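Participant: Here it is: the structure, laid out below.
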Amino acid sequence: MPATITSIAHYFPPDVYTNEYFEQYLDTSDEWITERTGIKERRFLKEGATSDLIVPAAKLCLERRGMKPEDVDCIIVATVTPDHMFPATACVVQNKLGIPNAWGFDLSAACSGFLFALVTAAKIVESGGARNVLLCGADKMSAIVDFEDRAQAVLFGDGAGVALIEKSDDPNLGILDHILYIDGEGGKYLYQAAGGSAKPASIETVKNREHYIHQEGQAVFKAAVKGMADVSVEIMEKNNLTKDDIAYLVPHQANLRIITATAQRMGISMDKVMVNIDKYANTTAATIPSCLSQWWEAGKLKKGDNLILASFGAGFTWGAVYMKWSM
Ligand code: UT7
3 MPATITSIAH YFPPDVYTNE YFEQYLDTSD EWITERTGIK ERRFLKEGAT
53 SDLIVPAAKL CLERRGMKPE DVDCIIVATV TPDHMFPATA CVVQNKLGIP
103 NAWGFDLSAA CSGFLFALVT AAKIVESGGA RNVLLCGADK MSAIVDFEDR
153 AQAVLFGDGA GVALIEKSDD PNLGILDHIL YIDGEGGKYL YQAAGGSAKP
203 ASIETVKNRE HYIHQEGQAV FKAAVKGMAD VSVEIMEKNN LTKDDIAYLV
253 PHQANLRIIT ATAQRMGISM DKVMVNIDKY ANTTAATIPS CLSQWWEAGK
303 LKKGDNLILA SFGAGFTWGA VYMKWSM
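Set out below in structure tokens:
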């Protein structure tokens with residue numbers, strides 16, 4: 003049996019920061035941000051860490067499935083903003099939720115984190131390595147964004163999406179195929195320079211602002227447009243899917259122009275594309291699960307819907323998942 007998503011929930015912190023907020027102190031404008039990215043507002047967590055974004059979403063996800071903490075077998079956290087370098091945020095989440103019998107780990111694949119972790123979780127469940135995986139995609143991007151740099155301050159937000167992965171009851175429903183890639187040549191265009199073993203934290207790294215995101219926007223943009231569109235078309239062709247077969251494209255939310263280009267290449271109209279970048283910006287590992295959760299809550303997802311999940315992010319990392327919705 004394939005693995006599937008049996009419950010889903012999301013959490014965004016309450017504090018809203020509009021484009022006008024940045025106009026007050028940066029040389030930017032609502033017009034530029036809206037036209038170039040599609041973003042109008044985002045949420046930042048004022049106090050707390052990535053695990054504090056995960057916990058409310060995870061509680062709701064388990065509640066929706068009628069599951070208790072003691073029922074959870076495995077926890078995977080996809081993030082580039084872990085609470086600490088170590089221990090893993092999965093351990094922090096396990097402790098905060100009081101889950102007594104689980105194992106787990108963190109997975110680092112930036113904006114593709116949720117997709118890579120979804121495939122990993124599916125394989126663990128399908129092989130019998132666990133009955134279920136509590137799969138968390140979450141990032142507190144405000145912890146690593148340089149708020150003095152207009153080229154990145156406006157792009158990101160904080161949020162979490164949590165899915166429960168279990169074996170499907172139906173062989174035709176669930177996570178049916180995936181195509182995933184990495185290419186380290188792209189690493190030089192999007193990274194956090196210091197804080198790892200290559201460049202441990204020092205007074206110099208702090209002075210040089212090397213603990214913040216470094217992004218060469220145009221280079222990433224070009225690679226993302228090609229990478230996300232190519233892999234989405236590749237998975238459609240591999241599974242003999244036409245544009246009419248697809249209920250929704252669920253793309254990573256980095257830039258509305260990248261999303262639109264992907265939809266165009268797939269031949270699907272924008273009413274079949276999940277978009278929440280306007281309200282929440284780029285929440286990295288949380289974009290795809292939060293979209294799924296919002297669309298499910300709104301009653302727009304039906305059992306049997308064909309979904310293409312697609313992402314592109316730092317690494318470079320990119321890929322697509324084909325699933326038939328089962329809830
Ligand atoms: O999620 C992980 C993967 N990340 C992505 O997929 C992001 C990919 N990249 C992008 O989405 C876009 O490249 C950005 C949104 C980051 C930038 O958009 P762009 O159309 O590529 O703009 P640009 O970087 O070429 O900059 C154009 C101009 C520059 O000014 P000059 O040199 O033409 O005078 C920038 O300095 O826009 C300027 N600019 C801004 N102006 C007003 C950059 N940021 C801003 C800003 N407000 N916030």
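For the sequence shown, the numbering used here begins at 3 and goes up steadily by one. Heads up, the beta-carbon is just placed ideally off N, CA and C, and yes, glycines get one too. Predicted, not measured: the structure shown is a model, and the values here were computed from it.
So is the beta-carbon of R38 under 6 Å away from any non-hydrogen atom of the ligand UT7?
Facilitator: For this step, residue 38 is matched to residue 36 along the sequence shown. Yes.
Participant: Between L182, F14 and F46, which has its C-alpha nearest Q296's C-alpha?
Facilitator: Here residue 296 refers to the residue found at position 294 of the sequence shown. That would be F14, whose Cα lies nearest to the Cα of Q296.
Participant: Return yes when the C-beta of A226 is under 6 Å from any heavy atom of the ligand UT7, and no when it is not.
Facilitator: Against the sequence shown, residue 226 aligns to sequence position 224. A226: yes, Cβ under 6 Å from the ligand UT7.
Participant: Measuring from the CB of A153, is there a heavy atom of the ligand UT7 at a distance below 6 Å?
Facilitator: Within the sequence shown, the letter at position 151 stands for residue 153. The answer is yes for A153.
Participant: So, using beta-carbon positions, are A231 and L251 closer together than 7 Å?
Facilitator: Locating residue 231 in the sequence shown gives position 229, counting from the first residue. Locating residue 251 in the sequence shown gives position 249, counting from the first residue. Result no, Cβ atoms of A231 and L251 do not sit closer than 7 Å.
Participant: Along the chain, where does the alpha helix (DSSP H) containing Q266 start, and where does it finish?
Facilitator: Here the question's residue 266 lines up with position 264 in the sequence shown. Q266 -> alpha helix (DSSP H) spans L258 to M268.
Participant: Quick test of the definition: if touching needs 3 or more C-beta pairs under 8 Å, does the stretch 169 to 184 touch the stretch 54 to 65?
Facilitator: Short answer: they don't touch.
Participant: Could you tell me which uninterrupted beta strand (DSSP E) segments, each at least 3 residues in length, are contained entirely in the stretch 187 to 214, listed from first to last along the chain?
Facilitator: 192 to 194
Participant: Return the chain-ordered list of same chain residues with a C-beta closer than 8 Å to the C-beta of K201, the five sequence neighbours on each side being excluded.
Facilitator: For the purposes of this step, residue 201 is identified with residue 199 of the sequence shown, where counting begins at 1. Correct list, in chain order: A195, T207 and E212.
Participant: In the DSSP assignment, what residue or residues form a beta bridge with V275?
Facilitator: Position 273 of the sequence shown holds residue 275. Per DSSP, L251.
Participant: Give the straight-line distance between the Cα atoms of L28 and E150, rounded to the nearest whole angstrom.
Facilitator: Within the sequence shown, residue 28 is the residue found at index 26, counting from 1. Within the sequence shown, residue 150 is the residue found at index 148, counting from 1. When rounded, the distance between both Cα atoms is 7 Å.
Participant: What's the gap between the Cα of G139 and the Cα of G197?
Facilitator: As a working mapping, residue 139 is identified with position 137 in the sequence shown. As a working mapping, residue 197 is identified with position 195 in the sequence shown. Roughly 22 Å separates the two Cα atoms.
Participant: Looking only at its chain, what residues have a beta carbon closer than 7 Å to the beta carbon of V94, apart from the 5 residues adjacent to it on each side?
Facilitator: By 1-based counting over the sequence shown, the position of residue 94 is 92. Answer for V94: S53 and D85, listed in chain order.
Participant: Taking the beta carbon of N97 as the centre, do at least 16 other beta carbons fall within 10 Å, making it buried, or is it exposed?
Facilitator: Start at 1 with the first residue of the sequence shown, and residue 97 comes out as number 95. The residue is exposed, with fewer than 16 neighbouring Cβ atoms inside 10 Å.
Participant: So, do the stretch 179 to 196 and the stretch 318 to 327 have three or more beta carbon pairs nearer to each other than 8 Å?
Facilitator: With a cut-off of 8 Å on Cβ pairs, the stretch 179 to 196 is in contact with the stretch 318 to 327, counting three or more such pairs.
Participant: Grab the span of the alpha helix (DSSP H) containing W327 for me, first residue to last.
Facilitator: Within the sequence shown, the letter at position 325 stands for residue 327. Premise fails: W327 is in no alpha helix (DSSP H) and is neither H nor E.
Participant: Are three or more beta carbon pairs between the stretch 282 to 295 and the stretch 244 to 258 nearer than 8 Å?
Facilitator: yes
Participant: Can you look up A162 in the DSSP assignment and give me helix, strand or coil?
Facilitator: Residue mapping note: residue 162 aligns to position 160 of the sequence shown, counting from 1. Looking at A162 - three-state DSSP - the assignment turns out to be strand.
Participant: Excluding sequence positions up to five away, which residues of its chain have a Cβ less than 8 Å from the Cβ of S9?
Facilitator: For the purposes of this step, residue 9 is taken as residue 7 along the sequence shown, with counting starting at 1. The answer, listed in chain order, is C63, L64, R66, R67, M69, A165, L166 and M329.
Participant: Considering only the beta carbon of each residue, do K245 and G269 sit closer than 7 Å?
Facilitator: For the purposes of this step, residue 245 is taken as residue 243 along the sequence shown, with counting starting at 1. For the purposes of this step, residue 269 is taken as residue 267 along the sequence shown, with counting starting at 1. Yes, the pair counts as a contact, with Cβ atoms nearer than the cut-off.
Participant: Output yes or no for whether 7 Å exceeds the beta carbon distance between N134 and D75.
Facilitator: Residue numbering aside, residue 134 sits at position 132 when the sequence shown is read from its first letter. Residue numbering aside, residue 75 sits at position 73 when the sequence shown is read from its first letter. Cβ atoms of N134 and D75: closer than 7 Å.
Participant: Give the DSSP bridge partners of K169, in chain order.
Facilitator: Against the sequence shown, residue 169 aligns to sequence position 167. DSSP output for K169 lists A5 as bridge partner(s).
Participant: If I measure Cβ to Cβ from G315 and keep anything under 6 Å in the same chain, skipping five residues before and after, which residues do I get?
Facilitator: Here residue 315 refers to the residue found at position 313 when the sequence shown is read from its first residue. So the qualifying residues of the chain are A112, C113 and S114.
Participant: Less than 6 Å between C-beta atoms, sequence neighbours within five positions excluded: which residues of the same chain meet that for F116?
Facilitator: Position 114 of the sequence shown, counted from the start, is the residue given in the question as residue 116. Same-chain partners within the cutoff: A80, G139, A287, I290 and P291.
Participant: Let's see if you can read the secondary structure: which residues bound the beta strand (DSSP E) around G106?
Facilitator: Position 104 of the sequence shown, counted from the first residue, corresponds to residue 106. Element bounds for G106: W105 to L109.
Participant: Give the straight-line distance between the Cα atoms of A283 and G130, rounded to the nearest whole angstrom.
Facilitator: As a first step, residue 283 must be located in the sequence shown, where it is residue number 281. As a first step, residue 130 must be located in the sequence shown, where it is residue number 128. Near 37 Å, if we compare the C-alpha coordinates of G130 and A283.
Participant: Along the chain, where does the beta strand (DSSP E) containing D179 start, and where does it finish?
Facilitator: For the purposes of this step, residue 179 is taken as residue 177 along the sequence shown, with counting starting at 1. D179 -> beta strand (DSSP E) spans G176 to I184.
Participant: From I181 to S144, what distance separates their C-alpha atoms?
Facilitator: For the purposes of this step, residue 181 is taken as the residue at position 179 of the sequence shown. For the purposes of this step, residue 144 is taken as the residue at position 142 of the sequence shown. One C-alpha to the other measures close to 30 Å.
Participant: Alpha carbon to alpha carbon, how far is G306 from K125?
Facilitator: Numbered from its first residue, the sequence shown carries residue 306 at position 304. Numbered from its first residue, the sequence shown carries residue 125 at position 123. So the alpha carbons of these two residues sit roughly 21 Å apart.
Participant: Please list the segments of the alpha helix (DSSP H) lying wholly inside the stretch 4 to 74, counting only runs of 4 or more residues, in order along the chain.
Facilitator: 21 to 25, 32 to 39 and 52 to 67
Participant: I need the boundaries of the alpha helix (DSSP H) containing C293, first residue and last residue.
Facilitator: In the sequence shown, residue 293 corresponds to position 291, counting from 1. Segment T289 to E299, the alpha helix (DSSP H) holding C293.
Participant: Just confirm the distance between the C-beta atoms of L309 and G163, as a whole number of angstroms; I'd bet it's less than 8 Å.
Facilitator: Walking along the sequence shown from the start, residue 309 turns up at place 307. Walking along the sequence shown from the start, residue 163 turns up at place 161. Not quite, the Cβ-Cβ distance comes to about 14 Å (not below 8 Å), so this is no contact.
Participant: In angstroms, rounded to a whole number, what distance separates the CA positions of E72 and T285?
Facilitator: In the sequence shown, residue 72 corresponds to position 70, counting from 1. In the sequence shown, residue 285 corresponds to position 283, counting from 1. Rounded to the nearest angstrom, the two C-alpha atoms are 29 Å apart.
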